[in-house]
Structure formats: C-alpha cells, structure tokens
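Residue numbers (our numbering): 515 to 928.
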Ligand SMILES: Nc1ncnc2c1ncn2[C@@H]1O[C@H](COP(=O)(O)OP(=O)(O)OP(=O)(O)O)[C@@H](O)[C@H]1O
Ligand SMILES: [Mg+2]
C-alpha cells in the first residue's frame with residue numbers, strides 16, 4: 515500500500531496543508547488519485563514562500579500531516595513540497611546537437627536537453643523544473659516529440675525554472691525535523707494547475723491566478739505548455755489588514771468579518787444592509803454598512819488583479835488567452851471575486867478547484883480553491899510515479915541507455 519500513497523505538502527503564509535492520496539486507475543496510462551486524507555494547520559512560520567521561523571514551520575508540518583494521516587488511516591514518509599516566492603526565476607534556454615543515427619532517438623533528445631540546461635546559474639540557485647517547449651528538426655519548428663523523425667540537426671527551447679538553494683534547504687529542514695522527507699519540490703502554481711486546469715484550457719491559452727494569503731501567483735499556459743510564472747507580494751492578508759484599519763478592529767476580527775460578510779464586488783451589496791462590528795467596552799456596540807466592507811475588499815483586490823493584468827499585457831498574452839482566467843487560492847473563496855476579475859481582465863473567468871482527475875468518496879474534502887496547491891502537489895507526485903512505472907517498462911525493451919542523473923529532470927516532461 516505504501517508505495518501507492520502520495521502526499522502533497524503546501525506550506526503557505528497562513529496555513530500548512532497536507533493531502534494524502536492513493537494512486538489508482540489504469541497505470542501507467544490513466545492514473546487516478548483517490549483522496550484519503552486532508553490536514554490543515556495555521557502557521558506564521560513562512561512569509562511569501564520563505565521560512566522565517568523553522569520551529570513554527572516544523573510544528574505546522576507535524577500538525578497538518580498528522581491530521582491527514584489520521585483521516586487516511588495510513589502513515590506517509592515522503593512528500594512533494596510546494597515552492598513559491600520571489601526567489602523563483604524562469605528563463606528560456608536553447609540547445610542544439612548533431613544527430614548521427616538514421617533517426618532521432620531518445621538519447622539524442624536527452625542530449626539536446628542537457629545542452630540547453632547547461633546555463634550559468636547565479637550563486638545560491640538551482641534548477642527546479644526543466645520543461646521542453648518545442649523541438650526543431652533541421653530548422654523546422656513546432657515539433658513536440660522528435661523521436662523517430664529523420665534529421666541531422668536537433669534543437670530545443672527549454673523553459674527552466676530555478677529556485678534559491680537556501681530557501682529549498684530551509685523548507686527541507688522543516689519537513690525533516692517533523693520526521694518526513696522531501697521526495698520532490700514543485701513550483702506551487704504549476705502544482706495548482708494539475709488540480710484546476712484542463713488540457714483544453716492549456717492548449718487554448720489560460721492564466722491561472724492563485725490568490726493566497728501573502729502572495730498572488732500567476733502561471734500562463736499556451737499551446738499546451740507552461741510559458742510564464744510571476745509573483746506579486748500582495749494577497750488576502752493585505753485585504754485583512756485594510757479591513758482592520760478601515761473599520762478599527764483587530765486582525766483576527768477583520769479575518770472573521772472578511773470570511774463571514776466579505777464581498778469582493780461592491781455592486782453586489784445592498785447599500786441598506788448593516789453589519790455588527792465587534793468592539794471593546796470603550797468602543798461600545800457598533801454597526802457599519804456592509805457596503806463599506808465590500809468597498810475595502812474591492813479596492814485592494816482590484817489593485818492586485820490589475821497588477822496581474824498588466825503583467826499579462828507586458829508578457830504579450832493579450833488576445834492569446836482564449837480560455838481566459840482561472841482563479842484559485844484561499845482569497846478566491848470570497849464571494850464576488852469572479853465578477854470583479856471579469857471586469858478587470860475583460861476575459862472569461864472561472865473559479866478553479868480540485869475535482870477533475872480525482873476519484874473516491876472523499877473528493878469533497880478538497881473541493882475548495884484553497885486546497886488546489888496541496889492537491890495539485892499530490893497529483894504531480896502521482897504523475898511522476900506513474901511515469902516512473904512507464905519508464906521502467908520502456909527500459910526493459912529499449913537499448914537506449916537511461917542515465918541515472920538524467921532521470922530526475924526527465925520526470926518533468928509532460
Ligand atoms: N472563505 C473565505 N473567504 C475569504 N477569504 C478566505 C476564505 N478562506 C480563506 N481566505 C483567505 O485566504 C487567504 C489564505 O489563502 P491560501 O490558503 O491560499 O494562502 P497561503 O497558501 O497560506 O499563502 P501563500 O500562498 O500566499 O503563501 C487568507 O488571507 C484567508 O483570509
Ligand atoms: Mg499558498
């Protein structure tokens with residue numbers, strides 16, 4: 515059973531979340547994830563993807579994974595851990611090799627990717643993902659799988675995502691101190707895409723916008739490939755602070771007001787509706803228009819979404835995202851956020867939550883936008899393990915040598 519379990523661990527700014535799933539379905543071609551357990555713990559050990567208090571991060575990992583294990587009735591040891599933050603960078607790197615055999619083999623593809631990966635990285639950084647975008651055979655573009663084709667010159671464009679080694683090291687320590695180990699690190703918006711986006715959307719062009727607690731992440735997909743990643747240091751926690759200031763309540767009361775009465779789109783509120791505010795003895799009983807609360811949230815989220823929209827423009831994707839915007843993350847749970855986003859982006863907008871590719875009776879435990887990353891991490895793990903099975907099968911019949919060191923990044927192929 516143990517080797518059929520996968521665990522996704524999302525250590526966020528406001529919460530740590532673990533999802534345990536069982537790999538089922540038809541392996542390796544059509545794997546399915548059966549959700550077995552979900553666990554959550556509040557945390558203040560992280561700030562925008564970076565560990566700032568290792569003991570606190572460790573405590574939240576212990577608590578979240580133990581809760582997921584209790585629900586699942588199984589223990590886990592390895593986990594796929596999310597990586598995000600401003601230390602993440604992406605570059606596109608080309609590679610070219612000469613092909614000597616009559617047709618292009620798997621080993622030629624590995625060789626050209628290795629050439630493309632040989633970039634000089636800044637100090638303290640390492641490669642997180644290697645994602646081939648397209649191949650060229652004898653200068654002919656747009657080839658997605660060149661194996662078996664005839665040609666003498668093989669080129670590739672590879673999308674390389676890097677992360678800070680020390681950030682990864684501190685995350686690893688938090689997980690190991692809790693008694694588990696990191697099977698792999700995965701870029702959070704990429705993980706969330708596995709839980710929320712369809713293949714058709716990625717083909718048509720789509721932007722996944724994850725509205726979290728400490729940061730908002732953007733991932734753009736086009737022609738079926740991951741094309742751009744961006745991050746902005748504003749999200750739900752800033753909305754909460756604005757509310758705390760705007761109506762003079764504590765941060766924790768502002769959080770409760772936001773979740774109970776919050777609306778992200780002002781036109782949806784009845785101006786006559788009043789809400790009761792918590793107050794100190796000195797403040798006495800207080801009431802405000804719900805419209806004021808909605809106004810505060812609307813203004814901040816409009817600003818955040820506009821930053822995202824400008825980045826989509828800067829990257830040249832205006833008019834290229836036929837499937838529009840998919841919103842996910844905890845802050846996407848605010849009522850009215852889809853309406854607001856439609857106004858800002860002038861594109862189709864939907865809410866993204868885990869659901870597709872999940873099986874079993876506990877799926878509803880993760881069907882909320884805030885569980886997209888943790889669920890996506892488990893799905894990524896499932897696909898990586900299914901590919902492992904497929905590669906093991908392929909190795910048995912192929913004469914191509916599979917290099918040990920190459921295996922880890924080959925797993926990023928999709
Ligand atoms: N039902 C809800 N209504 C409004 N806001 C909500 C709701 N549930 C969660 N949030 C907000 O979502 C935010 C947390 O989102 P999420 O769990 O995606 O972030 P995180 O992973 O902890 O942080 P980050 O990804 O930024 O590091 C908090 O600001 C919280 O107030
Ligand atoms: Mg998050």
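Ideal placement from N, C-alpha and C gives every residue a C-beta, glycine not left out.
Inspect the beta-carbon positions of residue 734 and residue 829 and report whether they are closer than 8 Å.
-> If you check the CB distance, residue 734 and residue 829 come in under 8 Å.
State the Cα-Cα distance for the pair residue 656 and residue 608, rounded to the nearest angstrom.
-> Cα to Cα, the separation comes out at about 14 Å.
Output yes or no for whether 8 Å exceeds the beta carbon distance between residue 807 and residue 757.
-> Yes, the pair counts as a contact, with Cβ atoms nearer than the cut-off.
Say yes only if the C-beta of residue 770 is nearer than 7 Å to one or more non-hydrogen atoms of ligand 1, and no if none qualify.
-> No heavy atom of ligand 1 is found nearer than 7 Å to the CB of residue 770.
Through-space distance from residue 678 to residue 562, alpha-carbon basis = Looking at the two C-alpha atoms, the distance is approximately 13 Å.
Out of 863, 738, 617 and 604, point me to the one whose CA is closest to residue 701's CA.
-> Per the Cα distances, 604.
Verify the contact flag: residue 726, CB atom, against every heavy atom of ligand 2, threshold strictly below 7 Å.
-> Taken from the Cβ of residue 726, at least one heavy atom of ligand 2 lies inside 7 Å.
Go ahead and pull the three-state DSSP assignment for residue 560.
-> Of the three classes helix, strand and coil, the one that applies to residue 560 here is strand, per DSSP.
So, using beta-carbon positions, are residue 560 and residue 527 closer together than 8 Å?
-> Cβ distance < 8 Å, so residue 560 and residue 527 count as in contact.
Around the Cβ of residue 817, are there at least 16 other Cβ atoms within 10 angstroms (buried) or fewer (exposed)?
-> It counts as exposed.
Should the segment 589 to 604 be regarded as contacting the segment 623 to 633, the criterion being three or more beta carbon pairs within less than 8 Å?
-> Judged by Cβ distances under 8 Å, the segment 589 to 604 makes no contact with the segment 623 to 633, as fewer than three pairs qualify.
Compute the Euclidean distance between the alpha carbons of residue 518 and residue 536, then round it to the nearest angstrom.
-> For residue 518 and residue 536, the distance between alpha carbons rounds to 6 Å.
What does residue 593 pair with, by DSSP beta-bridge criteria?
-> Residue 593 is bridged by DSSP to 696.
So, is residue 911 buried or exposed, given that buried needs 16 or more other C-beta atoms within 10 angstroms?
-> Only weak support is given to the placement of residue 911: the predicted model assigns it a pLDDT of 43, under 50, and the value that follows is read from those uncertain coordinates. Exposed is the call here.
Can you grab the Cα-Cα spacing for the pair residue 767 / residue 784, in whole Å?
-> Between residue 767 and residue 784, the alpha-carbon positions lie close to 22 Å from each other.
Cross-strand partners of residue 612 (DSSP beta bridge) = Answer is 667.
In three-state DSSP terms, what is residue 807?
-> DSSP places residue 807 in helix when its eight states are reduced to three.
For residue 790 and residue 801, believed in contact at Cβ under 8 Å, the rounded distance | Right, their Cβ atoms sit about 6 Å apart.
Assuming residue 835 contacts residue 861 under a Cβ cut-off of 8 Å, what Cβ separation, rounded to an integer in Å, is found between them?
-> Distance from residue 835 to residue 861 at the Cβ level is roughly 6 Å; contact confirmed, criterion being Cβ atoms closer than 8 Å.
Could you tell me the boundaries of the alpha helix (DSSP H) in which residue 752 lies?
-> Judged by DSSP secondary structure, residue 752 falls within the alpha helix (DSSP H) whose first and last residues are 750 to 760.
Give a yes or no on contact between the segment 695 to 715 and the segment 639 to 649, applying the rule of three or more CB pairs nearer than 8 Å.
-> Verdict: yes, contact present.
Using a threshold of 7 Å, is the CB atom of residue 526 nearer than that to any non-hydrogen atom of ligand 2?
-> Residue 526: yes, Cβ under 7 Å from ligand 2.
Assuming residue 669 contacts residue 626 (C-beta within less than 8 Å), just tell me the rounded distance between them.
-> Right, the Cβ-Cβ distance comes to about 7 Å (below 8 Å), so this counts as a contact.
Per DSSP, which one or two residues make a beta bridge with residue 545?
-> DSSP, once it has assigned bridges, lists 539 as partnering residue 545.
Indicate whether residue 887 and residue 706 have their beta-carbon atoms separated by less than 8 Å.
-> Yes, the Cβ-Cβ distance between residue 887 and residue 706 is below 8 Å.
Residues sharing a beta bridge with residue 678, DSSP | Partner(s): 639.
Between the CA atoms of residue 831 and residue 825 - distance to the nearest angstrom | Spanning the two alpha carbons is a distance of roughly 9 Å.
Counting only the same chain and skipping the five closest in sequence on each side, list residues whose C-beta sits under 6 Å from that of residue 554.
-> The answer, listed in chain order, is 529, 531 and 578.
Can you list the beta strand (DSSP E) stretches of 3 or more residues lying completely in the segment 771 to 847, in chain order?
-> DSSP runs (the beta strand (DSSP E)) wholly in the segment 771 to 847: 788 to 791, 800 to 803 and 839 to 842.
For ligand 2, is there a heavy atom less than 7 Å away from the beta-carbon of residue 698?
-> Checking the Cβ of residue 698 against ligand 2 gives no.
How about residue 702: is its Cβ closer than 7 Å to a heavy atom in ligand 2?
-> Flag set: Cβ of residue 702 near ligand 2.
For residue 880 versus residue 889, is the C-beta spacing smaller than 8 Å?
-> Yes, these two residues count as a Cβ contact at 8 Å.
Anyone know if the C-beta pair for residue 865 and residue 841 falls short of 8 Å?
-> Yes, these two residues count as a Cβ contact at 8 Å.
Residue 813: CB within 7 Å of a non-hydrogen atom of ligand 1 | No, the Cβ of residue 813 stays beyond 7 Å of every heavy atom of ligand 1.
Please state whether DSSP places residue 524 in a helix, a strand or coil.
-> Correct three-state label for residue 524: strand.
Is the beta carbon of residue 847 within less than 7 Å of some heavy atom of ligand 1?
-> Result yes, Cβ under 7 Å from ligand 1.
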